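Below is one structure, written out as structure tokens; comments come after it.
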Amino acid sequence: MSGDLIFVPENTYLEDHTELAQPSGCLSVSIADLKDFLRNPARHFLRNRPGLDFPPEQSVQVDENEAVKLNHLQRYVLIHRVCTLLMPTLTLDDSTSPTTTLRPAVPAGQNPAEIALNMLRINGAESQRERWHAILTATDLLPHGTAAELDMDACLHQSEHFLARIARLLGARIRIESRAGIPVQISIPQNSEKENSPLLELNGESNELRSHLFQLGIAYQRPARIRARDILTAWFMHLVRNILIPDKREKSVYATLEESSGGIFTYQKTYIVGRSDAYVLEPLPPARAAEHIRELCELFTNNLARPLCFFPESGFIYMRTLQEKKDDDVALQAARSVFYGNRNIPGERDDAHLSLCLRGHAPLQTEQGAFSITEFRTVSRRIFAPLLNALRTVEEAR
Numbered sequence: 026m027s028g029d030l031i032f033v034p035e036n037t038y039l040e041d042h043t044e045l046a047q048p049s050g051c052l053s054v055s056i057a058d059l060k061d062f063l064r065n066p067a068r069h070f071l072r073n074r075p076g077l078d079f080p081p082e083q084s085v086q087v088d089e090n091e092a093v094k095l096n097h098l099q100r101y102v103l104i105h106r107v108c109t110l111l112m113p114t115l116t117l118d119d120s121t122s123p124t125t126t127l128r129p130a131v132p133a134g135q136n137p138a139e140i141a142l143n144m145l146r147i148n149g150a151e152s153q154r155e156r157w158h159a160i161l162t163a164t165d166l167l168p169h170g171t172a173a174e175l176d177m178d179a180c181l182h183q184s185e186h187f188l189a190r191i192a193r194l195l196g197a198r199i200r201i202e203s204r205a206g207i208p209v210q211i212s213i214p215q216n217s218e219k220e221n222s223p224l225l226e227l228n229g230e231s232n233e234l235r236s237h238l239f240q241l242g243i244a245y246q247r248p249a250r251i252r253a254r255d256i257l258t259a260w261f262m263h264l265v266r267n268i269l270i271p272d273k274r275e276k277s278v279y280a281t282l283e284e285s286s287g288g289i290f291t292y293q294k295t296y297i298v299g300r301s302d303a304y305v306l307e308p309l310p311p312a313r314a315a316e317h318i319r320e321l322c323e324l325f326t327n328n329l330a331r332p333l334c335f336f337p338e339s340g341f342i343y344m345r346t347l348q349e350k351k352d353d354d355v356a357l358q359a360a361r362s363v364f365y366g367n368r369n370i371p372g373e374r375d376d377a378h379l380s381l382c383l384r385g386h387a388p389l390q391t392e393q394g395a396f397s398i399t400e401f402r403t404v405s406r407r408i409f410a411p412l413l414n415a416l417r418t419v420e421e422a423r
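Using the numbering used here, read the sequence shown as starting at 26 and increasing by one per residue.
Laid out in structure tokens, this is it:
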């Protein structure tokens, strides 16, 4: 049944709130795990220690002849998919009018979209609207019916405007190009001040790394409001890119601080573009980027022992308000507003995974204990202070 818990019986933190044992020795962290931790720390703890999870809601099947309008989330998914398909066609050059085209770049292979397009070619269909309709219905993103087709037209229009916005903001400074994930491996001491310190190994594959990674910046696009978790994900990959070196065959990347500090690579900028906001993360020296990665990995391991008082959206608002207003009470009140929400807007605490971890606690209300104000301040500063020092709006960075 949708919403049921899936769990593995075990003596867990949830029973008596005692900390679980942390990993020891050489720490190996995958890029995917650390990104998952930054986006939702409570979910990451529950999945990896007690073995708890909330399955996604099951989709509701409707009659294919019923006129169905897309809801807000479905419209976002559709626009995001269209932008992803259009991104490789985006022209970013020195011209004053960057352009894109509504011709989708369909991945090769016998996927539903490719089969649908082959059928269109056989039947002689040529219009771009027919091509899009075939792709989106074949991939289950668009229901059948006239109402859904009207939604499709609106989404295509919004997608084209959003990509034109990216072109205007970034101009010739960045090229966006699709490429398969590149293997990544980083080995750095967990403690830079101690000899023979256990190694921190960061490994995995990143689809964000592109072929022009070491000459140009890279862009994240989200055709909606940019959230703190989006900025956090971009920040982590920004740190990774600023200590990476391409190998001679350009098939993988690796990092050793001795080589990267020798100036044989180019520091990287990262752009984050939303529907109404756009940011750039300024480049960092490799040694400083490595320190920030160590910090994130330390918090990652602490979160495996017990859920940290780390709430991405609330923590970001707290630190940003503190930076602007210079008043801790004002910043804390802003964080509480995001965390608790109101009758019209759900709060961050309403997340199912976080609610389970918070059972028996009153977060952000006391100065001591689990999920206290003191811990919230400390963790938020450790994560967001260096991020905000590097974060600029695109207008500020020009």
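The beta carbon of each residue, even a glycine, is placed where N, CA and C say it ideally should be.
Quick caveat, the model's predicted, so the values are computed rather than measured.
Proximity of residue i and residue j at Cβ, strictly below 9 angstroms
i      : j      : result
VAL298 : ARG417 : no
PHE261 : LEU413 : no
SER397 : VAL363 : no
ARG407 : PRO337 : no
ARG13  : ARG247 : The question about residue 13 has no answer here: the residues shown for the chain are numbered 26 through 423.
TYR296 : LEU194 : yes
PRO66  : PHE335 : yes
TYR101 : ALA259 : no
Straight-line Cα distance separating residue j from residue i
i      : j      : result
LEU379 : VAL265 : 28 angstroms
ASP352 : LEU166 : 46 angstroms
LEU324 : LEU181 : 41 angstroms
ARG68  : ARG254 : 13 angstroms
VAL54  : PHE401 : 24 angstroms
VAL159 : HIS186 : In the sequence under discussion, the amino acid at residue 159 is Ala, which differs from the Val named in the question. C-alpha separation (whole angstroms): 22 angstroms.
HIS317 : GLY394 : 26 angstroms
TYR365 : GLU155 : 46 angstroms
GLU420 : GLN348 : 19 angstroms
ASP78  : ASP376 : 12 angstroms
CYS12  : LYS350 : Residue coverage of the chain in this structure runs from 26 to 423, which leaves residue 12 outside it and unanswerable.
GLU307 : ILE370 : 33 angstroms
ASP176 : ARG190 : 21 angstroms
THR399 : ARG72  : 26 angstroms
ALA410 : LEU98  : 32 angstroms
GLU174 : LEU110 : 18 angstroms
LEU383 : ARG374 : 8 angstroms
ASP354 : PRO388 : 16 angstroms
PRO80  : ALA330 : 23 angstroms
HIS105 : THR403 : 35 angstroms
GLY372 : HIS263 : 28 angstroms
ASP178 : LEU381 : 41 angstroms
Other residues of its chain near residue i: CB distance less than 7 angstroms, five sequence neighbours each side excluded
i      : result
TYR343 : ALA356, LEU357, ALA359, ALA360 and SER405
GLU320 : ARG407
LYS294 : GLY242, VAL305, LEU306, GLU307 and PRO308
VAL107 : CYS180, LEU181 and SER184
ASP61  : HIS69
LEU145 : Since pLDDT at LEU145 reaches only 43, below the 50 mark, its modelled position is unreliable, and no value is offered.
Nonlocal neighbours in the same chain, by C-beta distance under 6 angstroms from residue i, ignoring five residues either side
i      : result
PHE70  : ASN328 and PRO332
ALA303 : LEU194 and VAL419
TYR245 : ALA259 and ILE297
THR391 : SER397
Rounded Cβ spacing between residue i and residue j (contact assumed at less than 8 angstroms)
i      : j      : result
LEU161 : LEU95  : With 8 angstroms as the limit, LEU161 and LEU95 do not qualify as a contact, their Cβ atoms being about 11 angstroms apart.
ASN267 : ALA314 : 4 angstroms
Contacts around residue i, its chain only, beta-carbon distance under 8 angstroms, and the 5 residues preceding and following it disregarded
i      : result
SER286 : Since pLDDT at SER286 reaches only 41, below the 50 mark, its modelled position is unreliable, and no value is offered.
ARG368 : none
LEU59  : LEU227, PHE261, LEU321, CYS322 and PHE325
ILE256 : ILE297, TYR304, PHE341, LEU412 and LEU416
Practice problem: May I have a chain-ordered list of the alpha helix (DSSP H) segments no shorter than 4 residues that lie completely inside the segment 335-386? | Solution: 337-350, 353-365 and 377-382
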